[in-house]
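S.K.: The structure's right below; bear with me while I get my questions together.
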Amino acid sequence: MGKSRNLGFQREWSGWLFVLPMLLFFLAFVVYPILSSIWGSLYAFDYTGYTFAGLDNYKQLLGDSLFWKAVWNTIVFVLYLVPSITVIALLLAALIHKYPQKMQSFFKAAFYVPGVTSIVSLAMVWEYIYNNQFGIGNYVLKLFGREPINFLGGEYAYTSLAVILVTISLGASLVVFSAALNGIPRDLYESASLDGATPTQTFMQITLPMLKPSVLYVVVTSTIGAFQVFAIILLMTGGGPAYKTTTILMLIYREAFVNMNFGLANAMGILLCLLICLIAFIQFKLLKSDVEY
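Numbering (UniProt numbering), first residue to last: 1 to 293.
What follows is the structure, given as structure tokens:
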């Protein structure tokens, strides 16, 4: 009896030892920053020090029209990006799934490259594409008899940035859907073919239900990524014109590193975290049926 207890104790501790590095990493780089941000959001910081402010930072944000504009802009980016990334990646994965494995690997690598390329390099390329005078975008419009447009300085700023962000984020979702498609048993398609099912029926009745866990994963991760859009906007538009493309992260950056108002920036970060958690919770509730992990 004593030996079995000692053996169980040793197994338990050996398991904890394996988990310990990741647990320490999680505590140091996830739990501690969150708790530190919550603490910082309750204080007012300036060049001389900090004083306890309670909920004053949150009250200031709730009455700030620019903050609510940034919240709306961020939600619009989410509405632009999440459906576009999910639908386009799914359709592309279904198209390349018919090709041999080497061709699939080529297409997946080609779409994945923008996601691992330097954001600064991508911004420079897209600035040339969107240039008002000699950009490829306006050159193509001229070929179709259209007048040149200001891609980044007017009403098209949202759409122009959304195109860039979709191309950057598409590769990872495509890989996820492609892997999920390869995991669907072939006998299901053979049975559907014998029953006379059309390609559309096969996709809607077999492929899409089997991809539901992958769809949930892509939707949630794309939503989190869309809420955290920052670098490409800072480089391309700086949040303009007239705060039209200013997101919550842009305001956090401005308050923390330009205005040195760390308390307000921490409060924004906490509210952003709560908003992301709320949206993710709703998505899990809506898409949880028949999802297995």
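From the three backbone atoms N, C-alpha and C, an ideal C-beta is built for every residue, glycine too. As the structure is a computational prediction, the values presented were derived from the model and not from experiment.
Counting along the chain, where does the alpha helix (DSSP H) carrying F262 start and finish?
M.R.: Looking at the DSSP string, the run of the alpha helix (DSSP H) that includes F262 is F262 to L287.
S.K.: Tell me which residues share the same chain as Y293 and place their Cβ nearer than 8 Å to its Cβ, disregarding the 5 neighbours each side in the sequence.
M.R.: Because the pLDDT at Y293 is just 37, under 50, the model does not fix this residue reliably, and the point stays unresolved.
S.K.: In whole angstroms, what is the alpha-carbon distance linking E147 and Y130?
M.R.: About 14 Å.
S.K.: On the premise that F227 lies in contact with T74, defined as a C-beta separation below 8 Å, what is that separation, rounded to the nearest angstrom?
M.R.: So it is a contact: roughly 6 Å between Cβ atoms.
S.K.: Could you compute how far the alpha carbon of W141 sits from the alpha carbon of C273?
M.R.: Rather than Trp, the amino acid found at residue 141 in this sequence is Leu. Straight-line Cα distance between these residues: approximately 41 Å.
S.K.: Select from V30, V76 and L91 the residue whose C-alpha is nearest the C-alpha of residue 296.
M.R.: In the structure as shown, the chain begins at 1 and stops at 293. Residue 296 is therefore absent and cannot be evaluated.
S.K.: How big is the Cα-Cα spacing for Y112 and A53?
M.R.: When rounded, the distance between both Cα atoms is 46 Å.
S.K.: Are the segment 154-165 and the segment 198-209 in contact at 8 Å, needing three or more beta carbon pairs?
M.R.: These segments do not touch.
S.K.: Measuring straight from C-alpha to C-alpha, what distance separates G40 and T237?
M.R.: For G40 and T237, the distance between alpha carbons rounds to 30 Å.
S.K.: Let me check understanding here. Comparing Cα to Cα, which of A265, Q101, P83 and G115 lies closest to S169?
M.R.: Nearest of A265, Q101, P83 and G115 to S169, Cα basis: G115.
S.K.: Check each candidate in Q104, A180, T167 and N266 and name the one with the smallest Cα separation from V82.
M.R.: Here the closest residue by C-alpha is T167.
S.K.: Is A256 closer than 8 Å to Y58 when the C-beta atoms are compared?
M.R.: No; because the gap between Cβ atoms is not below 8 Å, this pair is not in contact.
S.K.: Which whole-angstrom value is the C-beta distance of A44 and D56, which I expect to be below 8 Å?
M.R.: Their Cβ separation, rounded to whole angstroms, is 7 Å, which keeps A44 and D56 in contact under 8 Å.
S.K.: By how many angstroms is the C-alpha of V219 removed from the C-alpha of T86?
M.R.: Approximately 7 Å between the Cα atoms of the pair.
S.K.: Using the beta-carbon count (16 or more within 10 Å), is residue 349 buried or exposed?
M.R.: Past the boundaries of the shown model lies residue 349; the chain is included only from 1 to 293, so the question cannot be answered.
S.K.: Could you tell me the alpha carbon to alpha carbon distance between V291 and Q60, rounded to whole angstroms?
M.R.: Caution applies to V291, whose pLDDT of 43 falls short of 50 and renders its modelled position unreliable; the model cannot decide the point.
S.K.: Which stretch, first to last residue, makes up the alpha helix (DSSP H) that contains G225?
M.R.: From DSSP, the alpha helix (DSSP H) with G225 extends over K212 to F227.
S.K.: Using only the alpha-carbon positions, how far apart do H97 and V175 sit?
M.R.: Going from the Cα of H97 to the Cα of V175 covers about 11 Å.
S.K.: What are the residues that DSSP puts in a beta bridge with T51?
M.R.: Answer is A44.
S.K.: Spatial neighbours of F284 within its chain, please: CB distance less than 8 Å, with the 5 preceding and 5 following residues excluded, ordered by chain position.
M.R.: Hits under 8 Å: L216 and V220.
S.K.: Please report the straight-line C-alpha distance between S193 and I184, rounded to a whole angstrom.
M.R.: The alpha-carbon atoms of S193 and I184 are separated by roughly 15 Å.
S.K.: Around the C-beta of L152, are 16 or more other C-beta atoms found within 10 angstroms, so that it is buried, or is it exposed?
M.R.: Buried: at least 16 other Cβ atoms inside 10 Å.
S.K.: On the DSSP letters alone, give me the boundaries of the alpha helix (DSSP H) that G137 sits inside.
M.R.: Counting along the chain, the alpha helix (DSSP H) containing G137 begins and ends at I136 to L143.
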